[in-house]
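The structure under discussion appears below in the form of structure tokens.
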Amino acid sequence: MKILALLAIFFVSIHAEMARFDNYRVYSVKIENTEQYDAMKYLEEHSDSYNFWKYPKMNAQIDIVVPPHKFSEFEEITLNLKMQSELIIENLQSVMDQQKPRNKQPKAIGDIDWDDYYRLEDIYAWLDNLVEKYPGILKLETIGASSEGRPIKMITLSKKPGNRAILIEGTIHAREWISAATATYILNELLTSTDSNVTDIANNIDWHIIPVVNPDGYEYTWTTNRNWRKTRSAVSMLCFGVDGNRNFKFNWLTADETGNIGGSRVPCTDTYAGAYPYSEPETQATESFFEANAKKIDAFLALHSYGHLFLHPWGHTNVPPSAVEELGNVGRAAAEAISQVNGTQYIVGSSNQVLYASTGTSRDHTHGAHEIPISFTVEMRGNGDYGNFGFMLPARFIKPNVEEVLAGFIALIHEARNYGRFPIN
Ligand SMILES: [Zn+2]
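Mind the numbering: the sequence shown is residues -16 to -1, 1 to 409 in mature numbering (1 follows the signal peptide of the UniProt record, and there is no 0), read in order.
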């Protein structure tokens, strides 16, 4: 009996412990030849020590988390391969610790703002409060449940019938906290702003907003591992989680022209695409919503970090989509408007060309399978002139991030109207 009690305490204590990253470094390295590429790809798929914040691509800069016991090995690898490498974070734990310096607790549950990041329960309670406050224009739905049983909530803002719609997908990747903060900020502005640019898009467009598509992963980043990306389903004897943004059906695990497959079949990797499309209840839930509502939707915007990028289809091929002119123009309009707010420079282009190969993403699936005309992955702040933080963007940068992104979305909508999208009815 005593032993059982001790065991119980032991198990409770391992579950309660938060992973630490003391003295872990983040390096940014440049991949300039196939030897370097192959080596980085091998590390990404086979090492459980290194963690990739950006995935290998030829002629690109990628960021890698290196634990202290691998410093000398990593130095040897980069020296042998003659790779340019730059130390961008010296101590990952201290960056994590400084992300929420005030460690603000909401005054009441659901009393959130954009000076800090908030737990799932606060975001959900905030949505509940809003629906009470704006019953005529808001509708809160649970579109599904995560593998651990948490509700996946979507809020819809609609001020009049007949509007075309936008869908905002937030936090499919758990550690990208700025995603949930941006989704909630946009909703709040749509409800409260008196700026005519904002009232226009609030009145004349229906907004479907899912602040946290991956609630299990998001919760896990607060309780257990701040660096977690995937869902939390059990996928093998050793590993948990599927990359939700590799789990949609459109061109799932298709190789691009260079033979690169933008997703992994290895369960323990961060880009594991799942055993089959929609293996995850989280992607099933969003797919059911797309199936029922895609015809009313003119734009799908997936909020991610980081990199200052507006990425349109495709991820699985470097051949541009047939709508490339419209996509390029609306993306460039957004980037131009963003740069006017704080000077942040976004790059616009096809995901495969600008970032790296990716397959089974919600962006490509909504555009390719559901024919939503405008689909983007928006990679927001992380590393820039303001400092290097990766996914652990300090809370003081939430405001500049959300303000510039909203300006970008307004410009995107204005430009899209030139293509007949979002007509005012
Ligand atoms: Zn992401």
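Here a beta-carbon is modelled for each residue, glycine too, at the ideal position from N, C-alpha and C.
All values reported here derive from a predicted model rather than from experimental measurement.
query                                                                                                                   : result
Neighbourhood of Ala391 by C-beta distance below 8 Å, restricted to the same chain and skipping five residues each side : Ala321, Ile322, Gln324, Val325
Straight-line Cα distance separating Gln83 from Gly243                                                                  : 38 Å
Endpoints, the alpha helix (DSSP H) within which Tyr330 is located                                                      : Tyr330 -> no alpha helix (DSSP H), and no H or E assigned at all.
Uninterrupted beta strand (DSSP E) stretches inside the region 227 to 299 (no shorter than 3 residues)                  : 281 to 289, 293 to 296
For Met24, the three-state DSSP class (helix, strand or coil)                                                           : helix
Contact between the region 375 to 389 and the region 79 to 97 (3+ Cβ pairs under 8 Å)                                   : yes
Near ligand 1: Asn229 beta-carbon under 7 Å from a heavy atom                                                           : yes
Any non-hydrogen atom of ligand 1 closer than 7 Å to Glu160 Cβ                                                          : yes
Spatial distance of Lys91 from Val182 (CA atoms)                                                                        : 28 Å
Terminal residues of the alpha helix (DSSP H) in which Lys143 lies                                                      : Here Lys143 belongs to no alpha helix (DSSP H), and DSSP marks it neither H nor E.
Opening and closing residue of the beta strand (DSSP E) in which Ala44 lies                                             : 44 to 50
Cutoff 6 Å; reference Glu203; Cβ partners in own chain excluding five residues on either side                           : Leu104
Beta-carbon gap between Lys143 and Ile170 smaller than 8 Å                                                              : no
Bridge-paired residues (DSSP) for Phe224                                                                                : Ala218
Burial state of Glu309, where buried means 16 or more other Cβ atoms lie within 10 Å                                    : exposed
Run of the alpha helix (DSSP H) containing Val386, from where it starts to where it stops                               : 382 to 401
Check: His288 C-beta below 7 Å from any heavy atom of ligand 1                                                          : yes
Closest by C-alpha distance to Tyr262, when choosing among Pro51, Asn336, Thr176, Ser217                                : Ser217
Counted within 10 angstroms of its Cβ, other Cβ atoms place Gln68 as buried (16 or more) or exposed                     : exposed
Closer than 7 Å: His157 CB and nearest ligand 2 heavy atom                                                              : In the structure on display, ligand 2 does not appear, and the ligands it does have are ligand 1.
Of the listed residues Pro52, Lys280, Cys223, Thr345, nearest to Pro145 (C-alpha basis)                                 : Lys280
Proximal residues to Ser(-4) (C-beta, below 8 Å), its chain only, five neighbours per side dropped                      : Residue confidence for Ser(-4) is low, a pLDDT of 48 falling below 50, so the modelled location carries little weight; the figure read from the coordinates is stated next. Around Ser(-4): no qualifying Cβ.
Host alpha helix (DSSP H) of Trp191 (start-end)                                                                         : Trp191 -> not in any alpha helix (DSSP H); beta strand (DSSP E) instead, spanning 189 to 194.
Cα-Cα separation, Phe393 to Ile245                                                                                      : 30 Å
Meets three-Cβ-pair contact criterion under 8 Å: the region 276 to 296 and the region 212 to 228                        : no
Inter-residue spacing [alpha-carbon to alpha-carbon] between Cys223 and Asp32                                           : 11 Å
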